[in-house]
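So the structure is just underneath, and the comments pick up after that.
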Amino acid sequence: MLELLEGVEEPELRWLAEYLEGLLGSFLSEDVEDEADAVPCVAVRVVDVRDHPSADGLKVTVVDAGEFGKRTVVTNLEDVSEGDVMALALLPPREFSGVVSEGMFCGDPGDVEPGSRVEPPERGEVRSVVMEWLSGKIR
């Protein structure tokens, strides 16, 4: 298994550990329907928003995900602002024009504290990103 992690950067290791923990928890509780069910989705507070340095129409945000720490998220949401509380799927790190994004905003988490696990409104896009990442890492 260690050879699978060769050449994997730190954000990828963090995501992989969280994914495996979620997958194990889902299997133990028998709630897993597919691989996307193991992806943590948490409430986050946006603490910084800037225009992407090299991609029009994208913003680079920093979010506080409570116990999951601070994350960088690249988004195309135009109305994201500091202080917003949003749901975030903690996805595999992915580079967007030179900036690594560690998740995808996926709606309003309701009235919860940052770091609280929430149910994402739509799993389809989450599943496609996870499966693309896994297929490139596991041969």
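In case it helps, our numbering puts the sequence shown at residues 1 to 139. Glycine included, each C-beta is placed from N, C-alpha and C at the ideal position. From a predicted model like this one, the values you see are computed outputs, not experimental measurements.
- Around the C-beta of E119, fewer than 16 other C-beta atoms lie within 10 Å, and the residue is accordingly described as exposed.
- Where E95 is concerned, the enclosing beta strand (DSSP E) starts and stops at 94 to 96.
- Scanning its chain for C-beta atoms nearer than 6 Å, with the 5 sequence neighbours on each side dropped, one finds around R117 the residues V42, in chain order.
- In this structure, DSSP gives L88 an extended state, which the three-state scheme calls strand.
- When only Cα atoms are considered, V100 and D51 end up about 14 Å apart.
- With a beta-carbon spacing of about 7 Å, L88 and V73 fall inside the 8 Å limit used to define contacts.
- Rounded to whole angstroms, the separation of the alpha carbons of D111 and R94 is 29 Å.
- A distance of 8 Å or more separates the beta carbons of L90 and P11.
- In this structure, R71 is the residue among R71, D84, N76 with its C-alpha nearest to the C-alpha of W15.
- With contacts defined as CB atoms closer than 8 Å, F96 and A55 qualify as a contacting pair.
- With a beta-carbon spacing of about 14 Å, F68 and M86 fall beyond the 8 Å limit used to define contacts.
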